[in-house]
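Asker: So the sequence shown is residues 1 to 288, counted in the working numbering. From the three backbone atoms N, C-alpha and C, an ideal C-beta is built for every residue, glycine too. These numbers were taken from a predicted model, which means no experiment stands behind them. Can you read through this structure? Questions will come right after.
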Amino acid sequence: MDSNPINWFPGHMAKTRRKITEDLKLIDLVVELLDARIPKSSANPVLREIIRSKPRVVALNKADLADAGKTAQWVQRLKEQNLTAVPVESKTGKGLPALYGAIREELKDQTAAWAQKGMTGRPIRVMVLGVPNVGKSSIINRMILGGGAGKAEVRDKPGVTRQNRWFTVGKGFELLDTPGVLWPKFEDPEVGEHLAYTGAVKDEILDLEGLSSRLLERLVKLYPQAVASRYKLQQLPAGLPGHELLELVGRKRGMLVSGGGIDTERAAVAVLDEFRGGKLGRITLEWP
1 MDSNPINWFP GHMAKTRRKI TEDLKLIDLV VELLDARIPK SSANPVLREI IRSKPRVVAL
61 NKADLADAGK TAQWVQRLKE QNLTAVPVES KTGKGLPALY GAIREELKDQ TAAWAQKGMT
121 GRPIRVMVLG VPNVGKSSII NRMILGGGAG KAEVRDKPGV TRQNRWFTVG KGFELLDTPG
181 VLWPKFEDPE VGEHLAYTGA VKDEILDLEG LSSRLLERLV KLYPQAVASR YKLQQLPAGL
241 PGHELLELVG RKRGMLVSGG GIDTERAAVA VLDEFRGGKL GRITLEWP
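Okay, structure coming up:
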């Protein structure tokens, strides 16, 4: 993996694209779900091409794992691009009221037009889209169960295929739950690596030791104190290669094999798991 970029493009992509394109006709707005730790890499250009001119609000999910200051900067950066962005936490539901407010604001002209036509109370129909492991299922479940509507309401609608399910997710909102997941094509090697760091790519196809080594190099550059504190490393020599950082972590954790060697594979798994779980603190890998 050191010499080859991550480039995984599953065959079901074309089918997924057709399905999403078809379902866009049924909804009023797309919530584009990004990972707050990697807002650039988790913004799928294929997805953006599909939704094109459809009204859109960005939800920066996993904000509880990201650097709060950097998330605020990303919100401002996206605002400069005429996009409304709202930090959310799928684990707790924090940020959902603000997300609903942003959706209403984005569609205020449309809802006013509905009211003029006597369609007062017509619900806003929303679709949530995002790359794998960005928390799409979690945020949808949180919206359904915690959106102020109580128990999720599921019903058929005329003209809607049987695969589609509509949920009442809050006062005045309906969510279209569609099958399939939109997977990205990693044309930029850095994008592929950042998605791999956060678990968007299956670990089974990755060189975890190489990946963890490069992650440690990046973390030491951006958040050296977080790495030193988590792994009890009093000194972090500048420019230390990632594989040596991984060996330091393994040694500090007592991950040894017979003969006194270091189990770097075990250390690699630990580093990735702890980064993904937020145990190194709130970290953002992509700064605006």
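With the cut-off set at 8 Å, would you say V257 and S212 are in Cβ contact?
Answerer: Result no, Cβ atoms of V257 and S212 do not sit closer than 8 Å.
Asker: Are the beta-carbon atoms of L33 and V134 separated by less than 8 Å?
Answerer: It is a contact, given that the beta carbons lie within the stated cut-off.
Asker: Please classify D35: does DSSP put it in a helix, a strand, or coil?
Answerer: Reduced to three states, the DSSP call for D35 is strand.
Asker: Based on DSSP bridge pairs, tell me the residues matched to F275.
Answerer: BP columns for F275 are empty, so no partner.
Asker: Within the chosen definition, does the segment 82–90 reach the segment 56–74 through at least 3 CB pairs nearer than 8 Å?
Answerer: Counting Cβ pairs under 8 Å, three or more are found: they touch.
Asker: Would you be able to state if there are at least three C-beta pairs under 8 Å between the segment 168–178 and the segment 124–134?
Answerer: Short answer: they touch.
Asker: Going by C-alpha distance, which of A36, D28, T16 and K19 is nearest E286?
Answerer: When each option's Cα is compared against that of E286, the closest is A36.
Asker: Which term fits E209, buried or exposed, when burial requires 16 or more other beta carbons within 10 angstroms of its beta carbon?
Answerer: E209 is buried by the Cβ-count criterion.
Asker: State the DSSP-derived secondary structure class of W74, mapped to helix, strand or coil.
Answerer: Residue state, collapsed to three classes: helix.
Asker: Evaluate G101 with the Cβ neighbour count: other Cβ atoms within 10 Å of its Cβ, from every protein chain shown; 16 or more gives buried, anything less gives exposed.
Answerer: With fewer than 16 other Cβ atoms within 10 Å, it is exposed.
Asker: Residue ranges of each alpha helix (DSSP H) run of no fewer than 4 residues wholly in the segment 220–282, ordered along the chain?
Answerer: DSSP runs (the alpha helix (DSSP H)) wholly in the segment 220–282: 224–230, 242–252 and 264–276.
Asker: In three-state DSSP terms, what is E174?
Answerer: Residue state, collapsed to three classes: strand.
Asker: Exposed or buried, what is M119 when buried is set at 16 or more other beta-carbons lying within 10 Å of its beta-carbon?
Answerer: M119 is exposed by the Cβ-count criterion.
Asker: Rounding to the nearest angstrom, what Cα-Cα distance links Q76 and H194 in this structure?
Answerer: Taking the straight line joining both Cα atoms gives about 22 Å.
Asker: Which one of L26, R251, L206 and L215 has the shortest CA to CA distance from K232?
Answerer: For the residues L26, R251, L206 and L215, the minimum Cα distance to K232 belongs to R251.
Asker: When you compare each of I20, R282, E247 and G259 to Y223 by their alpha carbons, which one comes out closest?
Answerer: The option with the nearest alpha carbon to Y223 is R282.
Asker: Based on DSSP bridge pairs, tell me the residues matched to A85.
Answerer: V58, per the DSSP bridge assignment.
Asker: Quick one: give me the first and last residue of the alpha helix (DSSP H) that L195 is part of.
Answerer: P189 to Y197 is the span of the alpha helix (DSSP H), which, as asked, contains L195.
Asker: Tell me which same chain residues have a C-beta within less than 6 Å of the C-beta of I51, skipping the five on either side of it?
Answerer: Only V30 meet the Cβ criterion.
Asker: Please state if the CB of E217 and the CB of G199 are separated by a distance shorter than 8 Å.
Answerer: No, they are not a contact pair.
Asker: Could you tell me which of Q110, R214, F167 and I144 sits nearest to P189, measuring between CA atoms?
Answerer: It is R214 whose Cα lies nearest to the Cα of P189.
Asker: With DSSP as the reference, identify every bridge partner of I124, one or two as the case may be.
Answerer: Looking at the DSSP assignment, I124 forms a beta bridge with F173.
Asker: Measure the C-alpha to C-alpha separation of L246 and A66 and round it to an integer number of angstroms.
Answerer: Cα to Cα, L246 sits roughly 23 Å from A66.
Asker: With distances taken between CB atoms, is the gap from L24 to K62 smaller than 8 Å?
Answerer: Cβ atoms of L24 and K62: not closer than 8 Å.
Asker: Distance cutoff 8 Å, beta carbons only. Does E80 sit that close to anything in chain B?
Answerer: The chain labelled as chain B is not found in the depicted structure, where only one protein chain is given.
Asker: In the DSSP assignment, find the unbroken alpha helix (DSSP H) run with V46 in it and report its ends.
Answerer: V46 -> alpha helix (DSSP H) spans P45 to I51.
Asker: State the DSSP-derived secondary structure class of T284, mapped to helix, strand or coil.
Answerer: Three-state DSSP puts T284 in coil, outside helix and strand.
Asker: Leaving aside the five residues before and after L107 along the sequence, list all residues of the same chain whose C-beta is less than 8 Å from its C-beta, in chain order.
Answerer: Answer for L107: D28, L29, P55 and I124, listed in chain order.
Asker: Which of the three DSSP states is assigned to L206 in this structure?
Answerer: In this structure, L206 counts as coil in the three-state DSSP scheme.
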